[in-house]
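Report on the structure given below.
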Amino acid sequence: MGNVLVVAEHLHHKLTKATLVAISAGKQLAGKIGGECQAVILGKGIGDLATELTSYGVAKVYAVDDAGLEHYVADAYASALCNVAKEKGAEVILATATAIGKDLLPRAAALLNAGMASEVTGFHDGGMMERPMYAGNAIAMVSIEGSPKVVSVRATAFDPATKEGSGAVEQIAAKAEGGGTKFVAFNETKSDRPVLTDARIVVSGGRALKSGENFKTVLEPLVDALGAAMGASRAAVDAGYVPNDLQVGQTGKVVAPALYIAVGISGAIQHLAGMKDSKIIVAINKDEEAPIFQVADYGLVADLFKAVPEMTEEVAKLKH
Amino acid sequence: MKIIATVKRVPDPNATIKVKPDGSGIVTDNLKYVVNPFDEIAIEEALRLKATVAGAEVILVSIGSKAAAEQLRTGLAMGADRAILVIAEQELDSLGVARILEKLTKDEGAGIVIMGKQAIDDDANQTGQMLAALLGWPQATFASKIESLESEEEKKGVPGIVVKGDSAQVVREVDGGLETLEVRMPAVVTVDLRLNVPRYASLPGIMKARKKELKEIPVADLGVDVAPKLKVHKLEPPPKRQAGRKVASVQELVQVLHNEAKVI
């Protein structure tokens, strides 16, 4: 068969950008192995989302609509996903490496006795795939033996799929096993800013900002003047200046915006792992020896407490 | 309750990693090795959990070369009770590692397995989830907590995993916020950075650790299938990013971003 089964994600009853990225990667891989790109969507009351999925050029959409799948939990979802993968004889199960993708796919892989490659950034001929290791200091060429295979892809490595063609939806019963996990609560971080991983511009602050208060009074005005998302280095997060979901790096989010502005960030290996694929990188740091300048397209050696408010003003002028 | 915490020997996260010219691996000369930073957090959580459960025991497990004994001793010095080192010199993938852990978890009759969410060498983030699947146990990945690492709770060493009867409540880091789950025990928990600040081994701890049991088991003795399905063929250095240029002022910076790069 040789088909690729893409796992679609949704949040607040909308397909996520990660889903469109996965479809795009799935189509690319299906093209390489000569199969179809199909999708599966799991949840409760997701009929219209399944229909919407068909408009992104996937050959077939399997909808598993079940009250037991109202909240994502790994055991029930993995069990339902594996039922679909087995019933439809999928060759590859693929999703984007989001929090859900990372939680779900390895569990499904073990249930299917399948090998798995995480955070794949490119597909090559002969079943070869590339993925970063050692915080992006090495790019590995890997392949998976046996069938099926499980692959998560890095969100920044593929462009989101666009609308084309149409396919059919097939309902599939959940038959999910699990029940060992109960969803209790989701404390969503509310923000009017763009989502960090989707933003066109990201402004990140480091430990040199010295306090959470300075993130608010110094960095945030620039973030908002640019209509950007705010990020932070691990050092700033560890110091408690900002919550961890703003962390960019090997152990945080991986971003690749059109413009990344690093403010008061020295450029530790683990931070670079999360942003070095950005199109344009700007570094503002008073230490001209800071490693961040080695990856920056434009570097400004300056005291951030002077430079950032100035830049906020300059940007505001531009918009008028 | 037996608590298993996993310990992987990995290159120091602050070391500069270089790929060998022939692409067969990384340059290991003079490379310092440490406990995977996420596993340190797992050990800390296991020790905190032990303090809240009467009669609990913390067992460390590592899989790899004999040299990993060094990292297990570090964990024993932090306060773990004993350690198991599965000697495996061959390449293993996450599924193989999960199968080894499955066997040990069953043999020990452990009530919870706490692991780092990923190892900082292969950055796979798979083994905990795979282990949970093989055991048929629930999983709570990316465990964190609501209180900050500077909070009083943290300073008092309160565990983030709250065991209540036959279930455990775990706060997880997910995209866009924190999620709370209740998992039936036994379960696998993988930990994220914001769960705790690991303790340092004390001098008496280091002395005591020398006398603690560290059992070596050749992987072949376990009788599990560890043939890797994920094959690593070659490593390459990442494409180098060209360093750009310095600008003299904020005005110049905004100008080039607007007129040259056209990103604002």
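For the protein sequence lines, the chains are A and B, in the order given. Using the working numbering, you'd call the opening residue of the first sequence number 1 and step up by one each time. Using the working numbering, you'd call the opening residue of the second sequence number 1001 and step up by one each time. We put the beta carbon where it would ideally sit given N, CA and C, even for glycine.
Work out the CA separation of residue j and residue i for me, nearest whole Å.
i, j, result
"B:Val1058", "B:Leu1149", "23 Å"
"A:Thr312", "A:Phe305", "11 Å"
"A:Lys190", "B:Pro1238", "36 Å"
"A:Ala225", "A:Val73", "38 Å"
"A:Val61", "A:Lys149", "19 Å"
"B:Lys1155", "A:Ile93", "43 Å"
"A:Leu11", "A:Lys27", "23 Å"
"A:Asp325", "A:Ala161", "A question about residue 325 of chain A goes unanswered here, because the residues of chain A that appear run from 1 up to 320."
"A:Val295", "A:Pro132", "18 Å"
"A:Arg107", "B:Leu1134", "8 Å"
"A:Glu314", "A:Asp192", "23 Å"
"A:Ala316", "A:Lys276", "27 Å"
"A:Ala140", "B:Ile1017", "13 Å"
"B:Arg1082", "B:Glu1236", "39 Å"
"B:Asp1107", "B:Lys1231", "29 Å"
"B:Tyr1200", "A:Ala67", "47 Å"
"B:Ser1167", "A:Ala110", "24 Å"
"B:Trp1137", "B:Ala1187", "5 Å"
"B:Glu1044", "B:Leu1193", "12 Å"
"A:Ala63", "A:Lys86", "15 Å"
"A:Ala262", "A:Leu222", "12 Å"
"B:Ala1140", "B:Ile1114", "10 Å"
"B:Arg1073", "B:Ala1005", "13 Å"
"A:Lys44", "A:Asp103", "19 Å"
"B:Gly1075", "B:Leu1060", "7 Å"
"A:Thr98", "B:Met1207", "43 Å"
"B:Ala1068", "A:Leu105", "29 Å"
Please classify residue i as buried or exposed, where buried requires at least 16 neighbouring CB atoms within 10 angstroms.
i, result
"A:Ala185", "exposed"
"B:Val1027", "exposed"
"B:Lys1211", "exposed"
"B:Ala1054", "exposed"
"B:Lys1164", "exposed"
"B:Arg1245", "exposed"
"A:Tyr241", "buried"
"A:Ala228", "buried"
"B:Pro1218", "exposed"
"B:Ile1146", "exposed"
"B:Ala1243", "exposed"
"A:Leu219", "buried"
"B:Asn1014", "exposed"
"A:Met230", "buried"
"B:Thr1052", "exposed"
Identify every residue that forms a DSSP beta bridge with residue i.
i, result
"A:His10", "A:Leu15"
"B:Pro957", "This structure cannot settle anything about residue 957 of chain B, because the visible part of chain B is limited to 1001 through 1264."
"A:Asn285", "A:Val301"
"A:Gln38", "A:Leu5 and A:Lys60"
"A:Glu338", "With chain A running from 1 to 320 in the structure shown, residue 338 of chain A is simply not present."
"B:Ala1243", "According to DSSP, B:Ala1243 bridges with nothing at all."
"A:Ser191", "None, per the DSSP bridge assignment."
"A:Gln324", "Limits of chain A in this structure are 1 at one end and 320 at the other, which puts residue 324 of chain A out of reach."
"A:Gly31", "Note: A:Gly31 sits in no beta bridge, so no partner."
"B:Thr1006", "B:Val1061"
Check each candidate in the options and name the one with the smallest Cα separation from residue i.
i, options, result
"A:Leu209", "A:Val202, A:Gly26, A:Ala273 and A:Ala235", "A:Ala235"
"A:Asp245", "B:Ala1201, B:Glu1173, B:Ile1041 and B:Lys1234", "B:Glu1173"
"B:Pro1204", "B:Met1078, B:Leu1060 and B:Leu1072", "B:Met1078"
"A:Ile23", "A:Gly43, A:Glu52 and A:Ile46", "A:Glu52"
"A:Ser278", "A:Ala155, A:Ile139 and A:Met129", "A:Ala155"
"A:Val169", "A:Thr54, A:Gly45 and A:Pro309", "A:Thr54"
"B:Asp1221", "B:Ala1042, B:Ser1024 and B:Lys1103", "B:Lys1103"
"A:Phe123", "A:Val58, A:Leu105, A:Val203 and A:Ala157", "A:Ala157"
"A:Leu300", "A:Ala239, A:Gly206 and A:Glu288", "A:Glu288"
"B:Leu1085", "B:Glu1216, B:Val1247, B:Lys1229 and B:Gln1255", "B:Glu1216"
"A:Lys17", "A:Val263, A:Ala268 and A:Thr197", "A:Thr197"
"A:Thr96", "B:Asp1175, B:Pro1013 and B:Val1197", "B:Asp1175"
"A:Tyr260", "A:Val153, A:Ala232, A:Lys286 and A:Gln270", "A:Ala232"
"A:Ala273", "B:Asp1123, B:Pro1228, B:Lys1117 and B:Ala1056", "B:Asp1123"
"A:Ile292", "A:Lys216, A:Gly205, A:Pro243 and A:Lys253", "A:Gly205"
"A:Thr121", "A:Gly101, A:Val153, A:Leu112 and A:Gly115", "A:Val153"
"A:Gly249", "A:Met230, A:Lys319 and A:Gln270", "A:Gln270"
Inset, instruction - Starting from the N-terminal side, write out each stretch of the beta strand (DSSP E) that is 3 residues or longer and does not extend beyond the stretch 1070 to 1111 of chain B. - result: 1082 to 1087
Inset, instruction - Enumerate, from N- to C-terminal direction, the unbroken alpha helix (DSSP H) stretches of 4 or more residues contained entirely within the stretch 99 to 154 of chain A. - result: 99 to 111
Inset, instruction - Run through the stretch 1014 to 1050 of chain B for me and flag every whole beta strand (DSSP E) of 3 or more residues, listed as ranges in chain order. - result: 1033 to 1035
Legend entry - Runs of beta strand (DSSP E) lying entirely within the stretch 1134 to 1217 of chain B, each at least 3 residues, in chain order: 1139 to 1144, 1162 to 1164, 1167 to 1174, 1177 to 1184 and 1187 to 1191
Legend entry - Any beta strand (DSSP E) of 3 or more consecutive residues that is wholly inside the stretch 242 to 278 of chain A: 259 to 263
Legend entry - beta strand (DSSP E) runs wholly inside the stretch 179 to 231 of chain A, at least 3 long, in chain order: 181 to 188 and 201 to 205
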